[in-house]
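Order-wise, the sequence lines are chains A and B. Numbering-wise (numbering that gives the first Met the number 0), the first sequence opens with residue 0 and increments by one. Numbering-wise (numbering that gives the first Met the number 0), the second sequence opens with residue 0 and increments by one. Each residue gets a CB set at the ideal place from its N, CA and C atoms; glycine is no exception. The structure appears right after this line, and notes come after that.
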Amino acid sequence: MNYDRLVNTAADMGNLLIENGAEISRAEESMRRFFSAYGVSNGEVFAIPTFISVSISTPDGRPITAIRRIPVRQINMDRVECANDLCRRICRTKPDFDTIEREMKRISSLPTLPFWAQAVAFALVAAAFTMFYGGTAADACVAFLCGAAIKPVWRLLEHFHVNQFFIYIAASFVSAVIAIIFAYFYAWLNYDKIIIGALMNLVPGIAITDFMRDIIAGDMIAGILRFVESILVAAAIAIGAGIALIAIRTFMGV
Amino acid sequence: MACLWSFFACVAFGLVYNMRGKTLLLASLGGSLGWFVYLLLNFTNNDIFQFFVATIATAVYSEVMARVMKKPAIEFQIVALLPMVPGGGIFYTMEYCVIGNNEMFLKTGLHTLGIAGALAMGILLVSSLFRIGSHPQGIKTEACSCTERKKDIWH
Chain A
0 MNYDRLVNTA
10 ADMGNLLIEN
20 GAEISRAEES
30 MRRFFSAYGV
40 SNGEVFAIPT
50 FISVSISTPD
60 GRPITAIRRI
70 PVRQINMDRV
80 ECANDLCRRI
90 CRTKPDFDTI
100 EREMKRISSL
110 PTLPFWAQAV
120 AFALVAAAFT
130 MFYGGTAADA
140 CVAFLCGAAI
150 KPVWRLLEHF
160 HVNQFFIYIA
170 ASFVSAVIAI
180 IFAYFYAWLN
190 YDKIIIGALM
200 NLVPGIAITD
210 FMRDIIAGDM
220 IAGILRFVES
230 ILVAAAIAIG
240 AGIALIAIRT
250 FMGV
Chain B
0 MACLWSFFAC
10 VAFGLVYNMR
20 GKTLLLASLG
30 GSLGWFVYLL
40 LNFTNNDIFQ
50 FFVATIATAV
60 YSEVMARVMK
70 KPAIEFQIVA
80 LLPMVPGGGI
90 FYTMEYCVIG
100 NNEMFLKTGL
110 HTLGIAGALA
120 MGILLVSSLF
130 RIGSHPQGIK
140 TEACSCTERK
150 KDIWH
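Now the structure itself:
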């Protein structure tokens, strides 16, 4: 049994899961099951949303540890699903490590939607939520624009490696400005409904659900981290839209 | 009508999260189910309670769906809960803060916090109940379902 590769593969698997938005408890349990599938009973794993540490001792008492930092996380449920499937298959068939690594590489390169399709999806979210919150069809059209503007801003700032919270501020600022400018020229639009719809794209719904699940599963640190993250993101969104409101009111006197 | 729009919003959000096919549609149905329950309880005039019950409904739906489809529950839950996230509350809180209406700012802010708390409590309740109910057998049933599956990528 190649214990070095076992630890490395387990850490990579946890990395893959957390990077794509799985809960901490799922990642930890997957790694534990992975160890028990290969007959290692003394494996210890610890994961928080930004960090994974995996350690086992070999039969002759030598400890082997691997750690992974996870600087960037995204939400990609398709990959989580495939990785989860992979873990179950590993527990069942105990394949060799080459196969697992090949399969993990395949999962981490599963296609995402192209850039324009993501922008359209954001725009659709904005339009649908505007209607959902009681806007009119005209509001939804403007919200469509606001939502579509978020993705290019996001991509641009990501390209410059800007702090994530600044990205949230900038994205909510841009979409709020578009909404308010439209409302300035066409007074019958409900700018509040438009902004709410557009900002639903950014609201940390995931973080809220995830942190409760983490805390239930007993991962206090992970839960608190995500809770703080969701509070910060909510504050960033509010700041961005707030700046837009103040600026436009001051300069244009809406 | 609002249920329909929440369904579309969920579908679009599922696309953002790279969900595919049946899962996407089922998760979005969970979203409109939650909003339907919310509207159904309109007579109580207590929207924190409405949100609480609606969250319980979506959470139960997603746990059941996760077991039926053998997919992670979080996939359904993330998308289905989105219509209930208090986006409007956050925005109005911010707006009152900006225009300096402190009384309304505190009022809406606390109300928004209450809604978020209701969502969190709903999820917590259902998830822990499902954990109590299914965890010990969870491993066993998984082993069974493993042997049942014919398709295997390793060979």
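Does any CB atom of chain B fall closer than 9 angstroms to the CB of residue i?
i        : result
Ile168/A : no
Gln117/A : yes
Leu144/A : no
Asp3/A   : no
Asn200/A : yes
Arg154/A : no
Arg25/A  : yes
Ile236/A : yes
Asn83/A  : yes
Phe128/A : yes
Ile136/A : The question names Ile, but residue 136/A in the sequence shown is Ala. By this cut-off, Ala136/A is not an interface position.
Ala182/A : no
Ala263/A : The question about residue 263/A has no answer here: the residues shown for chain A are numbered 0 through 253.
When you compare the CB of residue i with every CB in chain A, is at least one pair closer than 9 angstroms?
i        : result
Trp130/B : It should be noted that the sequence gives Arg, not Trp, for residue 130/B. Chain A, which has a Cβ nearer than 9 angstroms to the Cβ of Arg130/B, makes this yes.
Glu141/B : Its pLDDT being 44, under 50, Glu141/B is placed unreliably in this model, and the value from its coordinates should be taken loosely. So yes, Glu141/B belongs to the interface.
Leu32/B  : no
Ile107/B : As written in the sequence, residue 107/B is Thr, which differs from the Ile given in the question. No - not a single Cβ of chain A is within 9 angstroms of the one on Thr107/B.
Leu24/B  : no
Tyr60/B  : no
Ala8/B   : yes
Here's the rule: buried if 16 or more other CB atoms are within 10 angstroms of the residue's CB, otherwise exposed. What is residue i?
i        : result
Asp59/A  : exposed
Cys145/B : Legend: pLDDT at Cys145/B = 39, less than 50; position of this residue unreliable, no value from coordinates given.
Met30/A  : buried
Ile138/B : Because Ile138/B carries a pLDDT of 45, less than 50, the predicted location of this residue cannot be relied on, and the following value inherits that uncertainty. When all chains shown are included, Ile138/B counts as exposed.
Ser164/B : The structure shown has nothing for residue 164/B, since chain B only spans 0 to 154.
Val173/A : buried
Ser126/B : buried
Glu157/A : exposed
Trp153/B : With a pLDDT of 41 at Trp153/B, under the threshold of 50, the predicted position of this residue should be treated as unreliable, and no value is reported.
Lys104/A : exposed
Met211/A : buried
Ala235/A : buried
Met64/B  : buried
Ala178/A : buried
Phe128/A : buried
Asp11/A  : buried
Val141/A : buried
Lys149/B : Unreliable placement is indicated for Lys149/B, whose pLDDT of 39 sits below 50; the coordinate value is still reported in the next sentence. Flag for Lys149/B reads exposed.
Could you work out which residues of chain A lie near residue i, taking near to mean beta carbons separated by less than 7 angstroms?
i       : result
Arg19/B : Asp77
Phe12/B : Val124
Gln49/B : Correct list: empty, because the minimum Cβ distance to chain A is about 16 angstroms.
Ala1/B  : Phe131
Val15/B : Gln117, Ala120, Phe121 and Val124
Could you tell me which residues DSSP puts in a beta bridge with residue i?
i       : result
Thr64/A : Ser54/A
Val44/A : Val53/A
Which bits of chain B does residue i rub up against, with CB to CB less than 9 angstroms?
i        : result
Gly241/A : Met93, Glu94, Cys96 and Val97
Asp191/A : Gly87, Phe90, Tyr91 and Glu94
Pro100/A : In the sequence as displayed, the identity of residue 100/A is Glu instead of Pro. Neighbours of Glu100/A on chain B: none; closest Cβ ~13 angstroms, over 9 angstroms.
Ile215/A : Ile122, Leu123, Ser126, Ser127 and Arg130
Just the chain B side, please: which residues come within less than 7 angstroms of residue i by C-beta, in chain order?
i        : result
Tyr132/A : Gly87
Met211/A : Ala119, Ile122 and Leu123
Ile245/A : Val97
Ile195/A : Gly86, Gly87 and Phe90
Could you name the residues of chain A that residue i contacts, counting a contact when the two beta carbons are closer than 8 angstroms?
i        : result
Ala115/B : Ile207
Glu74/B  : Met76, Val79 and Glu80
How would you list, in chain order, the residues of chain A whose beta-carbon sits under 9 angstroms from the beta-carbon of residue i?
i        : result
Leu215/B : The shown model of chain B, from 0 to 154, leaves out residue 215/B, and the question about it has no answer.
By the criterion of Cβ-Cβ separation under 8 angstroms, what are the contact partners of residue i in chain B?
i        : result
Thr111/A : Asn17
How would you list, in chain order, the residues of chain D whose beta-carbon sits under 8 angstroms from the beta-carbon of residue i?
i        : result
Ala233/A : Absent here is chain D; the protein component of the structure consists of chains A and B.
For the pair the region 98 to 116 of chain A and the region 225 to 234 of chain A, tell me if three or more CB-CB distances fall below 8 angstroms. no
Any chance the region 4 to 23 of chain B sits against the region 39 to 56 of chain B, with 3 or more Cβ pairs inside 8 angstroms? no
Are the region 71 to 81 of chain B and the region 179 to 198 of chain A in contact at 8 angstroms, needing three or more beta carbon pairs? no
Meets three-Cβ-pair contact criterion under 8 angstroms: the region 74 to 82 of chain A and the region 104 to 123 of chain A: yes
Three or more beta-carbon pairs under 8 angstroms between the region 16 to 26 of chain A and the region 87 to 95 of chain A, yes or no? no
Counting beta carbon pairs with one atom in the region 142 to 149 of chain A and one in the region 111 to 131 of chain A, are three or more of them shorter than 8 angstroms? yes
May I ask you to verify whether the region 55 to 63 of chain B touches the region 29 to 45 of chain B, counting CB pairs closer than 8 angstroms and requiring at least 3? yes
Three-pair Cβ contact test at 8 angstroms for the region 160 to 167 of chain A versus the region 211 to 224 of chain A: no
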